[in-house]
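The next block holds one structure in the form of structure tokens; read it before the comments.
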Amino acid sequence: MLRLDRSREGKRPIVDLSQIDLREDITYDEQPIQIMDRKVKVLRNKEIPSVLVKWQHHGDEELTWELESYMRKHFPYLF
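Spelled out as structure tokens, the structure:
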């Protein structure tokens, strides 16, 4: 049985496009603004650290888990 959640409908924030540096192909670079949480996924012989990232122009409902190593390499100012 499929139930559509209509309560989320229309709750996406409106973003002023003049605040975003759009390229000619209508894309832009996402910039992380804050690390909200950390976790380590434990595999058999390996630990994989991840961070929960809040992105510019996105609300709290759109946080994403990213590899800590990637974030440290590309966005060292967050650490």
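According to this note's numbering, the stretch in the sequence shown is residues 3 to 81, in order. Idealized CB from N, CA, C, for every residue including glycine.
Residue i (DSSP reduced to helix, strand or coil)
i: Asp-31; result: coil
i: Glu-26; result: coil
i: Arg-2; result: Within the shown structure, residues of the chain are numbered from 3 to 81, placing residue 2 beyond reach of any answer.
Sheet register partners of residue i (DSSP bridge)
i: Ser-52; result: Lys-41 and Leu-69
i: Gln-96; result: Residue numbering for the chain in the displayed model covers 3 to 81; residue 96 lies beyond these limits and cannot be assessed.
Whole-Å CB distance - residue i paired with residue j, under 8 Å assumed
i: Ile-37; j: Leu-54; result: 7 Å
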